[in-house]
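Okay, so the sequence shown: first residue is 5 according to my numbering, each after it adds one. The C-beta atom is built at its ideal place from N, Cα and C for all residues, glycine as well.
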Amino acid sequence: MSARRTGLGRGLDALLGDASPPARPVQTEPREGLRHIPVELLQRGEYQPRQDMDPAALEDLARSIKAQGLVQPIVVRPLPASTAAGEVRYEIIAGERRWRAAQMAGLATVPAVVRQIPDSAVIAQALIENIQRENLNPL
5 MSARRTGLGR
15 GLDALLGDAS
25 PPARPVQTEP
35 REGLRHIPVE
45 LLQRGEYQPR
55 QDMDPAALED
65 LARSIKAQGL
75 VQPIVVRPLP
85 ASTAAGEVRY
95 EIIAGERRWR
105 AAQMAGLATV
115 PAVVRQIPDS
125 AVIAQALIEN
135 IQRENLNPL
């Protein structure tokens, strides 16, 4: 009579039992989160409070982005209308200067945080973002 082996030496099935096949991952694109979006799929925010951008400051920012990359992602929301190719377009909520400077620096894509935000919140967020950045200095 042979002794039945238990525990060690029988493999994982002895410890875990019969495993069902792994579930297939669902292939969905997240609606929100960080993405690298082509610059041509981005457009200026309808509620952008900043009307004038200093060209010299924009050039300085472009040089910095070219040398160091874009450190701070922009914030965008998807637009209901897509391109003829079916690509989603995005409205910039925060970071238009970074987007413009990234284009000047030759970047094909920019990091962006995608959020579903209603118009009323977009206005508030754009204003707050600009007030917080007003006249910042390096230190």
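Using the DSSP secondary-structure output, state which residues sit across from residue i in a beta bridge.
i             : result
leucine 46    : Tyr94
leucine 38    : Val117
isoleucine 78 : Ala116
serine 86     : Val92
Do residue j and residue i come within 9 Å of each other at the CB atom, strictly closer than that value?
i             : j            : result
alanine 98    : serine 68    : no
leucine 74    : valine 114   : yes
glutamate 95  : glutamate 50 : yes
alanine 112   : arginine 39  : no
glutamine 120 : arginine 102 : no
Within 10 angstroms of the Cβ of residue i, are there 16 or more other Cβ atoms? Answer buried if so, exposed if not.
i             : result
arginine 28   : Here the model assigns arginine 28 a pLDDT of 48, short of 50, so the residue's position is not dependable and the matter cannot be decided.
arginine 4    : No answer is possible for residue 4: the residues shown for the chain start at 5 and end at 143.
glycine 110   : exposed
isoleucine 41 : buried
alanine 61    : exposed
alanine 128   : exposed
alanine 66    : buried
alanine 130   : buried
Take residue i as the anchor and find which of the options has the nearest alpha-carbon.
i              : options                      : result
isoleucine 132 : Gln52, Ala66, Ala71          : Gln52
serine 86      : Glu50, Gln120, Leu46, Pro122 : Leu46
proline 122    : Leu83, Met57, Ala89          : Leu83
alanine 89     : Ile78, Glu44, Glu63          : Glu44
methionine 108 : Gly37, Pro59, Leu38, Arg39   : Pro59
isoleucine 78  : Lys70, Gln55, Gly37, Met57   : Gly37
arginine 81    : Gln72, Ala71, Glu100, Ala66  : Glu100
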